[in-house]
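Undergrad:
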Amino acid sequence: MKAGDDVLESFSIKQVSQKIGLTEDAIRYYEKIGLLPPIKRKDNGHRLFDLEDIEVMELITCLKKTGMPLEEMKAYIQLPFKENISAVPELKATFQEYRQKITAQISDLQRILQFIDFKLDNDQSLLKSEKTETPRQFL
Numbered sequence: 001m002k003a004g005d006d007v008l009e010s011f012s013i014k015q016v017s018q019k020i021g022l023t024e025d026a027i028r029y030y031e032k033i034g035l036l037p038p039i040k041r042k043d044n045g046h047r048l049f050d051l052e053d054i055e056v057m058e059l060i061t062c063l064k065k066t067g068m069p070l071e072e073m074k075a076y077i078q079l080p081f082k083e084n085i086s087a088v089p090e091l092k093a094t095f096q097e098y099r100q101k102i103t104a105q106i107s108d109l110q111r112i113l114q115f116i117d118f119k120l121d122n123d124q125s126l127l128k129s130e131k132t133e134t135p136r137q138f139l
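For what it's worth, the UniProt record's numbering labels the leading residue of the sequence shown as 1, then goes sequentially.
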């Protein structure tokens, strides 16, 4: 570690895993395939993550949830995304494309939810009518 680095906040792999919701194995794998930048290490070899590393992993998590393949992510992770996204037109275009896909997925999920709610409401009304009708059948 360089002088002055010790004042920066650092995190263990376990802390990062809990903070971001990635498994420790996933973090190691992302490092191994080059998706993460080189991670600083203590003298004993344990990884030390800083806030910038966590930000990259949060971006990976978001991109993964859009369905973007890991190989495609590599190209975007290495772009200067910390700057204004408009400065990287290909990243902005990709984000807009994935935003449209997510919006369509949300719309589809809302339709599914409405259908499920409708079925549940109908089932409840059927159950209520069955309960009230059952005694009449025995009269």
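Beta carbons: idealized from backbone N, C-alpha and C, even for Gly.
These numbers were taken from a predicted model, which means no experiment stands behind them.
Closest to L48 by C-alpha separation, out of F11, E97 and R111, would be which residue?
TA: Minimum Cα distance to L48 is reached at F11.
Undergrad: Does DSSP classify residue 142 as helix, strand or coil?
TA: With the chain running from 1 to 139 in the structure shown, residue 142 is simply not present.
Undergrad: So, Y76 versus T61, is the Cβ gap smaller than 8 Å?
TA: Against a cut-off of 8 Å, the Cβ pair of T61 and Y76 comes out as no contact.
Undergrad: Taking Q96 as the reference, which of G21, L63 and Y29 has the closest Cα?
TA: Among G21, L63 and Y29, the Cα nearest to that of Q96 is on L63.
Undergrad: So what does DSSP say about L35, is it helix, strand or coil?
TA: If DSSP states are grouped into helix, strand and coil, L35 belongs with coil.
Undergrad: Can you check DSSP and say which residues form a bridge with L48?
TA: Bridge partners of L48: K40.
Undergrad: With a 10 Å radius around its C-beta and 16 neighbouring C-beta atoms as the bar for buried, classify D123 as buried or exposed.
TA: Exposed, because fewer than 16 other Cβ atoms sit within 10 Å of the Cβ of D123.
Undergrad: Could you check what DSSP says for D121 in three-state terms: helix, strand or coil?
TA: D121: helix per DSSP, three-state reduction.
Undergrad: Span of the alpha helix (DSSP H) holding V16?
TA: Residues I13 to I20.
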